[in-house]
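This report refers to the structure that appears directly beneath it.
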Amino acid sequence: MKKIKGGQRTPARLAAVAGVLAGIAGITGGWVGARLLREPTPVPSSGQRYEDLRARFARRALEVRQLDHDLRAPLGAMALAMELLRTTEDAELRREATDVLARQIERMNSLTQRLHDFSRRFNN
């Protein structure tokens, strides 16, 4: 007998392994037989698969449109705040414009995270 990884290859060990495999085959054989007697799971038609894919892409397109809109809104507010900073000397208006920029930058960070999450879901 050859020595193999995990111990000796002996007739007793081979018999034990064969017994375990037979037991597993008996268990899975019963499971397979029961599955064969069940009603088959319906396979979606190619038309149904097409409709499912179409609906999935429609949902994704809607998400992209929402993200596009959500990204444009902070840009408008940021542009307005920048214009105020360039043109006014009023300290209160400059402080408000700076606050607007800070909020919109935070909003943009949140939106870019949503976009990242969306792209990961799109690949799955």
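First residue of the sequence shown: 11, per this note's numbering; consecutive thereafter.
Built from N, CA and C at the ideal position, the CB exists for glycine as well.
Secondary structure of GLU61 (DSSP, three-state): helix. In the three-state DSSP reduction, THR122 falls in the helix class (H, G or I). Sequence-distant Cβ neighbours of SER129 in its own chain, meaning closer than 7 Å and more than five residues away, do not exist here. In terms of Cβ geometry, THR98 and ARG104 form a close pair [threshold 8 Å].
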